[in-house]
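Protein sequence lines correspond, in order, to chains A and B.
Okay, so the first sequence: first residue is 560 according to our numbering, each after it adds one.
Okay, so the second sequence: first residue is 560 according to our numbering, each after it adds one.
Presented below is the structure to which this report refers.
There are 2 protein chains.
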Amino acid sequence: MSEPRLNETHDPAARSFVASANVPGTDFPLQNLPFGVFRPAGEAPRIGVAIGDRVLDLPAAIESGLLDLSPELAGACAALSLNALMGLGPEPRRALRRQLFARLRSDSALASDPALQARLLRPTFEIEMRLPVEIGDYSDFYASIEHAANVGSMFRPDSPLLPNYKWVPIGYHGRASSIVPSGTPIRRPSGQRKAPEAEAPTFGPSRQLDYELEVAAWIGRGNALGEPIDIEQAEDHLFGLSLLDDWSARDLQAWEYQPLGPFLGKSFATTLSPWIVTIEALAPFRVPAASRPEGDPAPLPYLDSQRNRNEGAFGIALEVHLQTRGMREQALPPLRVSRSDFRSLYWTFPQMITHHASNGCNLRPGDLLGSGTVSGKNPEQRGCLLERTWRGKEPLVLPSGETRAFLEAGDEVSFVGRCEREGFVSIGFGECRGVVEG
Amino acid sequence: MSEPRLNETHDPAARSFVASANVPGTDFPLQNLPFGVFRPAGEAPRIGVAIGDRVLDLPAAIESGLLDLSPELAGACAALSLNALMGLGPEPRRALRRQLFARLRSDSALASDPALQARLLRPTFEIEMRLPVEIGDYSDFYASIEHAANVGSMFRPDSPLLPNYKWVPIGYHGRASSIVPSGTPIRRPSGQRKAPEAEAPTFGPSRQLDYELEVAAWIGRGNALGEPIDIEQAEDHLFGLSLLDDWSARDLQAWEYQPLGPFLGKSFATTLSPWIVTIEALAPFRVPAASRPEGDPAPLPYLDSQRNRNEGAFGIALEVHLQTRGMREQALPPLRVSRSDFRSLYWTFPQMITHHASNGCNLRPGDLLGSGTVSGKNPEQRGCLLERTWRGKEPLVLPSGETRAFLEAGDEVSFVGRCEREGFVSIGFGECRGVVEG
Numbered sequence: 560m561s562e563p564r565l566n567e568t569h570d571p572a573a574r575s576f577v578a579s580a581n582v583p584g585t586d587f588p589l590q591n592l593p594f595g596v597f598r599p600a601g602e603a604p605r606i607g608v609a610i611g612d613r614v615l616d617l618p619a620a621i622e623s624g625l626l627d628l629s630p631e632l633a634g635a636c637a638a639l640s641l642n643a644l645m646g647l648g649p650e651p652r653r654a655l656r657r658q659l660f661a662r663l664r665s666d667s668a669l670a671s672d673p674a675l676q677a678r679l680l681r682p683t684f685e686i687e688m689r690l691p692v693e694i695g696d697y698s699d700f701y702a703s704i705e706h707a708a709n710v711g712s713m714f715r716p717d718s719p720l721l722p723n724y725k726w727v728p729i730g731y732h733g734r735a736s737s738i739v740p741s742g743t744p745i746r747r748p749s750g751q752r753k754a755p756e757a758e759a760p761t762f763g764p765s766r767q768l769d770y771e772l773e774v775a776a777w778i779g780r781g782n783a784l785g786e787p788i789d790i791e792q793a794e795d796h797l798f799g800l801s802l803l804d805d806w807s808a809r810d811l812q813a814w815e816y817q818p819l820g821p822f823l824g825k826s827f828a829t830t831l832s833p834w835i836v837t838i839e840a841l842a843p844f845r846v847p848a849a850s851r852p853e854g855d856p857a858p859l860p861y862l863d864s865q866r867n868r869n870e871g872a873f874g875i876a877l878e879v880h881l882q883t884r885g886m887r888e889q890a891l892p893p894l895r896v897s898r899s900d901f902r903s904l905y906w907t908f909p910q911m912i913t914h915h916a917s918n919g920c921n922l923r924p925g926d927l928l929g930s931g932t933v934s935g936k937n938p939e940q941r942g943c944l945l946e947r948t949w950r951g952k953e954p955l956v957l958p959s960g961e962t963r964a965f966l967e968a969g970d971e972v973s974f975v976g977r978c979e980r981e982g983f984v985s986i987g988f989g990e991c992r993g994v995v996e997g
Numbered sequence: 560m561s562e563p564r565l566n567e568t569h570d571p572a573a574r575s576f577v578a579s580a581n582v583p584g585t586d587f588p589l590q591n592l593p594f595g596v597f598r599p600a601g602e603a604p605r606i607g608v609a610i611g612d613r614v615l616d617l618p619a620a621i622e623s624g625l626l627d628l629s630p631e632l633a634g635a636c637a638a639l640s641l642n643a644l645m646g647l648g649p650e651p652r653r654a655l656r657r658q659l660f661a662r663l664r665s666d667s668a669l670a671s672d673p674a675l676q677a678r679l680l681r682p683t684f685e686i687e688m689r690l691p692v693e694i695g696d697y698s699d700f701y702a703s704i705e706h707a708a709n710v711g712s713m714f715r716p717d718s719p720l721l722p723n724y725k726w727v728p729i730g731y732h733g734r735a736s737s738i739v740p741s742g743t744p745i746r747r748p749s750g751q752r753k754a755p756e757a758e759a760p761t762f763g764p765s766r767q768l769d770y771e772l773e774v775a776a777w778i779g780r781g782n783a784l785g786e787p788i789d790i791e792q793a794e795d796h797l798f799g800l801s802l803l804d805d806w807s808a809r810d811l812q813a814w815e816y817q818p819l820g821p822f823l824g825k826s827f828a829t830t831l832s833p834w835i836v837t838i839e840a841l842a843p844f845r846v847p848a849a850s851r852p853e854g855d856p857a858p859l860p861y862l863d864s865q866r867n868r869n870e871g872a873f874g875i876a877l878e879v880h881l882q883t884r885g886m887r888e889q890a891l892p893p894l895r896v897s898r899s900d901f902r903s904l905y906w907t908f909p910q911m912i913t914h915h916a917s918n919g920c921n922l923r924p925g926d927l928l929g930s931g932t933v934s935g936k937n938p939e940q941r942g943c944l945l946e947r948t949w950r951g952k953e954p955l956v957l958p959s960g961e962t963r964a965f966l967e968a969g970d971e972v973s974f975v976g977r978c979e980r981e982g983f984v985s986i987g988f989g990e991c992r993g994v995v996e997g
C-alpha cells in the first residue's frame with residue numbers, strides 16, 4: 560500500500576491542548592477532526608469540528624481570525640449545512656484540515672489563550688447535534704456478500720445469491736426525508752404483512768423490527784448529469800464516512816419487495832451518526848479491497864483499478880450493542896451482539912460511486928451512499944437481527960434473562976465504529992443509536 | 560359524484576382578455592391556471608402562471624398591487640421554487656386561484672390596462688421553463704395493472720402478476736437528482752447488460768432505450784415523520800399533477816433489478832412537464848376509481864373510502880407521440896403511437912399517498928410521486944415501447960419507412976395530457992418531451 564496521503568495531520572506524536580482529545584480510546588483525537596452541524600441551545604445551527612469532548616465552533620473560529628481561509632472556503636464554513644463545503648472538493652478541505660490540526664495542537668497560540676478557547680470550544684453536553692447535510696438523494700447498496708447470501712437464503716431459498724451479484728454493485732434508491740440524527744426515537748411502523756399460509760395480508764404494527772449495521776459514504780464534489788466518474792477519480796468525489804442504521808421492518812419488506820425492491824419496510828426511519836469522518840482522517844486506515852474467492856469473476860474494467868485493489872477499502876472495526884428496557888432496569892450494560900470489519904465487503908465505495916454514475920446519473924454534494932448491512936462469515940459477525948437470529952429461529956439470549964428475535968419497545972441499538980492501526984492514533988465515529996418507541 | 564369543489568373558477572362561460580387563452584384546444588385557458596417556474600433571459604427564476612400563450616409573472620403581479628395576498632402567501636409566491644407555496648396547503652392556494660381567475664378575466668381592470676399587461680404577462684417564447692420545485696424525494700409507483708402484467712410476463716413468464724399486486728400499491732424510491740424539465744436532451748446511458756445465453760455481462764451503451772408515459776403527483780402540505788395520512792385526508796396533501804417520462808434502459812434494468820429493484824436502468828434521466836395543473840383546476844375531471852374486476856379483493860380498509868371510490872381518480876386522456884430524425888428530414892409530423900386514459904389505473908393517487916405514509920414516512924412539500932407507466936388493455940394503449948413492441952418483437956412501422964423496437968439517436972418523444980368533459984372548458988398539461996442524443 561502506497562501512502563502518499565499521510566502527512567503531518569497523521570503524526571501520532573501530536574497532541575491537543577484539549578485534554579480529553581488525548582485520552583486513549585477517544586473517538587475524536589487531534590488526528591480525526593470530523594465535521595458536523597450543531598445547534599447551541601437557542602441559537603442557529605452551525606458547522607463544528609469535534610475534538611475530544613469539545614466542539615470547535617467553526618464560524619466563530621473564522622470570525623475570531625483563528626483560521627486563514629479563502630473567502631469561498633470561509634463562506635462554505637459559515638453555512639447551515641456541510642453541502643457547500645462538500646461541493647468544494649478535496650483541496651480546500653485538506654487545507655482546512657491542516658489549519659485546524661495546527662491550531663488545536665498543544666503548542667499552538669490558542670493553547671495558551673483560555674479566554675478564546677472558552678469562546679470557540681463548546682462542551683458537547685451543551686449542544687444538540689443535527690443532520691450535517693441537506694441530503695439530496697440517498698442510495699443504499701448491498702455490498703456484503705455474506706449479508707446478501709444470508710438474506711437471500713431466507714427470502715429465496717432456491718436462489719440465495721442472484722447471478723448478477725458478483726458483477727453488479729447492487730443498490731437501490733432509499734428515502735431521504737426520513738433520515739434522522741442519532742438519538743431520535745424510532746417509531747414502530749405499521750404496514751401490510753402476509754404469512755405464507757395466510758390467504759390475505761393484514762395491516763398492523765410490524766412484528767419484525769430490525770436494525771441494519773451500515774457504513775455511509777458522503778459525496779463531496781458532484782458530477783454533471785451525463786458525465787460518468789472514472790474509478791481512478793472516484794475518491795475525489797468522496798467526502799467522508801459516517802455510521803448508518805437502516806432500520807427495517809422485515810415482515811413489511813418480505814411482502815412488498817417484489818418486483819420493485821424495498822420501500823415502506825425501510826422508509827420509516829434511518830439513523831445517522833452526526834459526525835462525518837473525512838477521507839483524510841481515514842488515510843492511515845485504507846486497506847486493499849477484499850480479495851475475491853478463487854473462481855469469482857474479476858470486476859468489469861470500469862470497476863477495476865490498481866488503486867482500488869491496493870487501497871479501495873477502509874479498515875473499520877464495527878460493533879452492534881443492544882440494551883433492552885429490562886436490562887436498563889437491572890442496571891445491566893448494553894450487550895455487544897455483533898462485531899465485524901468493514902474491510903470485508905465485496906464492493907468498495909469507489910466501485911459503488913463509479914457504478915452509480917456509470918449511466919450518467921449525477922451525484923450531488925451531500926448525497927449519501929449506504930454500504931448495505933455489513934456482515935461477516937461467522938454468526939457473531941452478522942449485522943442485523945434477521946441474520947443474527949436467523950429470522951427469529953435462534954433468538955438472542957440476553958443477560959436480563961430476556962430473549963430477542965426482533966426488536967421490542969424500549970430496546971436501544973447503538974453502533975460503534977473504530978479505526979486502529981499500529982503506529983497511528985485510533986479514531987472513532989461517535990454515536991449512532993436509537994431507541995424503539997412502542 | 561358529488562361536486563362540492565366546483566366554483567366560479569370552473570365557469571365555462573368565463574373568458575380571459577388574453578385572446579390565446581380562449582382558443583379552443585389551448586392547454587391553458589382561464590379555467591386552468593397552472594403554476595410553474597420560469598426564467599426570463601438574463602434574470603432570476605420566478606414563479607409564473609400560464610394563461611394561453613402568456614405567463615403571468617407572479618412576483619411582479621404582487622408587487623404591482625394586482626393581488627391582495629396575506630404576507631405569508633405573498634412571500635411564498637416570491638420564492639425561487641414552488642415548495643413554500645406547496646407547503647401552505649390547500650386554502651391559500653385556492654384563495655390565490657380565485658384572485659388570479661378574477662384578475663385575468665375579460666371584464667377585469669387589468670383587461671383595460673395594456674401597459675400593466677405588458678409588464679406582467681410575458682410571451683412564452685421569451686422565457687425558459689425550469690423545474691418548478693426543489694424535489695426532495697421522488698417515488699415511483701406501478702399503478703397500472705395492465706403495465707404490471709405485461710412487463711411481468713416478459714421478465715417473469717412464470718409469475719407475471721405477483722401475489723402482492725392487488726393488495727399493495729407497489730412503488731419504489733426513484734432518483735431525484737436526474738429529473739429534468741421538458742426539452743432537456745436525453746443522453747443514452749451505458750451500463751451492464753447480459754443476454755440470457757451469455758456467460759458474462761458486458762458494459763456499454765444501452766440498446767433498449769425506452770420511454771414510460773406517467774402522470775406525476777406533487778405533494779403539497781407534508782406530514783410529520785411517524786404520522787400517517789388517513790385516506791380521507793390524502794387529497795389535502797395533493798398539490799397538483801404533471802406529466803412525467805420515466806426514461807428506461809430495459810437491458811440494464813433486466814440485469815440489475817433483482818433483488819432490490821430498478822436503479823441505473825432508470826436514474827439517468829426523468830423528464831417532467833414544467834407546469835403543475837392544480838387539484839382545483841382538475842376538479843371537474845375527477846372520476847370514480849376504476850372498478851375492480853369481479854373476484855379481485857377489495858382494498859384493505861386503510862386504502863378504502865367512499866370518497867376515493869367516488870372520485871379518487873382523474874380522467875386524463877394521454878397520448879405518446881414519436882418523431883424520428885428521418886421523419887423530421889421528410890417533414891413528416893410526429894406519429895401518435897399510444898393513447899390511453901389515466902382513469903384506468905388500479906390504484907389512485909390518494910391511495911398511493913396514504914400507503915406511502917402508512918409506515919410513518921414523512922412526505923414533504925414538493926415531493927414527487929410517479930403513477931408508473933399508464934397502459935390500457937389494448938396494444939395501442941400501452942405506455943412504453945417495451946410493451947408497445949412486445950420487447951422489440953413487433954417493431955413500430957413509421958411513415959418514414961423506418962421501424963422502431965426501441966429508441967434511436969434523434970428520436971423525439973412527446974406526451975400529451977388533456978382533460979375534457981361535457982359542459983366544462985378543456986384543460987391540458989403543456990409540453991413533456993425529450994430528444995435522444997446519441
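For every residue, glycine included, the Cβ atom is placed at its ideal position computed from N, Cα and C.
Can you pull the chain B residues whose beta carbon is under 8 Å from the beta carbon of residue i, in chain order?
| i | result |
| --- | --- |
| E815 of chain A | N723, V727, I729 |
| A759 of chain A | W726, P856 |
| R923 of chain A | S736 |
From the DSSP output, which residues share a beta bridge with residue i?
| i | result |
| --- | --- |
| A776 of chain A | A:L800, A:L928 |
| Q882 of chain A | A:E971 |
| E687 of chain A | A:R598 |
| P682 of chain B | B:R613 |
| R923 of chain B | Answer by DSSP bridge pairing: none, since R923 of chain B is not bridged. |
| H732 of chain B | B:S698 |
Mind pulling the chain A residues with CB within less than 7 Å of residue i?
| i | result |
| --- | --- |
| A735 of chain B | G695, D696 |
| Y701 of chain B | L819 |
I think residue i touches residue j, with their Cβ atoms under 8 Å apart; what is that distance to the nearest whole Å?
| i | j | result |
| --- | --- | --- |
| A916 of chain B | N782 of chain B | 5 Å |
| W806 of chain A | I745 of chain A | 6 Å |
| V614 of chain A | R681 of chain A | 5 Å |
| D789 of chain B | L966 of chain B | Not quite, the Cβ-Cβ distance comes to about 42 Å (not below 8 Å), so this is no contact. |
| S575 of chain A | S671 of chain A | Between S671 of chain A and S575 of chain A the Cβ distance is about 13 Å, and since that is not below 8 Å, they are no contact. |
| V995 of chain B | A968 of chain B | 6 Å |
| F827 of chain A | N918 of chain B | 4 Å |
Would you mind stating whether residue i and residue j have Cβ atoms separated by less than 9 Å?
| i | j | result |
| --- | --- | --- |
| W906 of chain B | P691 of chain B | no |
| L803 of chain B | E773 of chain B | yes |
| T830 of chain A | P740 of chain A | yes |
| A603 of chain B | I686 of chain B | no |
| L877 of chain B | I838 of chain B | no |
| A857 of chain A | R851 of chain A | yes |
| L904 of chain A | A702 of chain A | yes |
With 16 as the cutoff for other CB atoms within 10 Å, does residue i come out buried or exposed?
| i | result |
| --- | --- |
| F988 of chain A | buried |
| D926 of chain A | buried |
| S561 of chain B | Caution applies to S561 of chain B, whose pLDDT of 49 falls short of 50 and renders its modelled position unreliable; the value that the coordinates give is listed next. Classification for S561 of chain B: exposed. |
| N709 of chain A | buried |
| E786 of chain B | exposed |
| T761 of chain A | exposed |
| K725 of chain B | buried |
| F597 of chain A | buried |
| L922 of chain A | buried |
| Q889 of chain A | exposed |
| P588 of chain B | buried |
Determine the chain B residues that contact residue i at a beta-carbon separation under 7 Å, and present them in chain order.
| i | result |
| --- | --- |
| P748 of chain A | N918, G919 |
| G785 of chain A | R746 |
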